[in-house]
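Here's the structure we're looking at; comments come further down.
Protein chains in written order, with my numbering: chain A, 30 to 257; chain B, 2 to 94.
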């Protein structure tokens, strides 16, 4: 594998690359999603067995995780999500050649097939419950009760969930839920009911997102670009 | 070339008040760096700042200023981590 990568890298031009936004089930023929990509590049599918990485041709460079660049990546994925179940790919994955991308697809194929089954027909929804400025002294028992109440109601309408990091002292709950597309309305309804019940708290409900928190495929390691 | 430093003197049971003071200052500096330039802590602050903006507790200008400061701080923290400035090399293992 390492030799294959080295050979493919040697033959790669310095300036161009294929930037991967996500992976979808392979359509019957090459599909174009329009000029939505970085540098207004065409976003289109390549094929690898029954999977299709969605890419655009870009100038090979480091992708800084700043707001504008992340928005480009996110907009493309959101557009594709309207029509397909997507396996999300981390921001900044650019491969110097199609051959290198194929090597990565080959290395991650089995994991991606499993992920495809997991995300098929589902989306990720995020819920954050946040203390307002004047409620910072909320007792920990009360916080726990509120968090449990949210989880109990929302788990009833989701397939899976992930507890996410409480990155602020003011966060009471930070969680991602994997929800069937057909149950998104019911989930939203439950969030609405809970938001009214806890009207002294701030609730952020976001999505639908690709299942970023439920798919974790690492293809090879280290800092080799495109293989993180 | 052979250096006699505070570590060697300490190993020999010799303490010099001047060197001890330097050692103490180094420890304080080390803790200060760790507190100020902990990448995880800064990433949390970046996420919290974004949330405060989304909840309307910060306006766009305040958010951009604070976010830019934190991004610079994170950049510095990553550099410090890469250069491993916070730890001495342990030659003796």
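Built from N, CA and C at the ideal position, the CB exists for glycine as well.
Interface partners of residue 196 of chain A on chain B, CB under 8 Å: 44, 45, 48 and 49
Identified DSSP bridge partners for residue 153 of chain A: A:207 and A:238
Closer than 7 Å: residue 58 of chain A CB and nearest the ligand ADP heavy atom: Only the bare structure without any ligand can be found here, which leaves the ligand ADP out of the picture.
Distance CB(residue 196 of chain A)-CB(residue 48 of chain B) smaller than 8 Å: If you check the CB distance, residue 196 of chain A and residue 48 of chain B come in under 8 Å.
Through-space distance from residue 85 of chain A to residue 117 of chain A, alpha-carbon basis: Cα-Cα distance, rounded: 15 Å.
Residue range of the beta strand (DSSP E) that includes residue 186 of chain A: Here residue 186 of chain A belongs to no beta strand (DSSP E), and DSSP marks it neither H nor E.
8 Å Cβ cutoff, residue 59 of chain B in contact with chain A: no
Segment contact flag, the stretch 226–244 of chain A with the stretch 150–163 of chain A, C-beta cutoff 8 Å, min 3 pairs: yes
Residue 29 of chain B classed as buried or exposed, judged by whether at least 16 other C-beta atoms fall within 10 angstroms: Its Cβ having fewer than 16 others within 10 Å, residue 29 of chain B is exposed.
Member of A:123, A:168, A:56 and A:150 whose CA lies at the smallest distance from the CA of residue 210 of chain A: A:150
Interface flag, residue 94 of chain B vs chain A, CB-CB below 8 Å: With a pLDDT of 45 at residue 94 of chain B, under the threshold of 50, the modelled position of this residue cannot be trusted; read the value that follows with caution. No, residue 94 of chain B does not count as interfacial toward chain A.
Nearest-angstrom beta carbon gap, residue 130 of chain A and residue 47 of chain A [assumed within contact, 8 Å]: Indeed they touch by this definition, with Cβ atoms about 5 Å apart.
Length at least 4, wholly inside the stretch 124–176 of chain A: the alpha helix (DSSP H) runs in chain order: Qualifying alpha helix (DSSP H) stretches, in chain order: 127–148.
Short CB-CB distance (under 8 Å) between residue 55 of chain B and chain A: yes
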